[in-house]
Every structure is written in C-alpha cells, then in structure tokens.
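Each remark here refers to the structure printed beneath this line.
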Amino acid sequence: MCEATLPPDAPQPPPPPPPPGTLVVDTGRGDRVGEFRGVAGPYWALRPVRGGPEWEAVPREVRPVDLTERLRAEIARRNARSSEGLL
C-alpha cells in the first residue's frame, strides 16, 4: 500500500487552540499580545491584556508569548487593575 502525501504547498491544518486565558502573540497584527478567549469559526478570539474589545486572529499567525512578552503583559494587566482599584 502506498501512503498519500500532500504537496508541500498544500494548506496545513490550523494548530490546536490553547487553553482559554493563555497569553499569545498575534503576528498578523504587529505582534499584538492578547489573551486567548476561544474559537470563533475559522478564527481565534483574543482579548487585549488590559481589557477591551476582542479581536479575531488567524490561528496560523498566532504564537505563544516569550518570557519578556509575558512579563510585559502581566505588568500591564496589574497596572490596569491597580488604576481601577482592583488590587
């Protein structure tokens, strides 16, 4: 039996979604950091770390945050919470 192989330029399946709340980087929007909220059709719903409206990202253009991006996002989240008196 021969195995079916896809040509190298064939579309790859999207990556599996991360758990809700995971911090990710949307490279399709200038390396914008967001919190994964869920799947919206063919897109992933992301929310800004400081709060605000969600946006949709193409899953193939999303990657995990690195350590520096994670620290920056956590500081931004805490600063936003402290300015709202939510500490």
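Letter by letter, the sequence shown follows residues 0 to 86 in numbering that gives the first Met the number 0.
Think of the CB as a built atom: it goes at the ideal place given N, C-alpha and C, for glycine as much as any other residue.
Nothing here was measured: the structure is a model prediction, and the numbers come from that model.
Length of the line joining the Cα atoms of Phe-35 and Leu-70: 17 Å
Cutoff 7 Å; reference Glu-60; Cβ partners in own chain excluding five residues on either side: Asp-25, Thr-26 and Gly-27
Spatial neighbours of Arg-62 in its chain, beta-carbon cut-off 8 Å, leaving aside the 5 residues before and after: Val-23, Val-24 and Thr-26
Supposed close pair Tyr-42, Glu-55 - CB separation, criterion 8 Å: 4 Å
Nearest residue (CA-CA) to Ala-72, options Ala-44, Pro-16, Gly-20 and Gly-40: Gly-20
Ala-9 in three-state terms, based on DSSP: coil
Leu-45 vs Gly-33 beta-carbon contact at 8 Å: yes
Whole-Å CB distance - Pro-18 paired with Pro-58, under 8 Å assumed: Their Cβ separation, rounded to whole angstroms, is 14 Å, which puts Pro-18 and Pro-58 out of contact at 8 Å.
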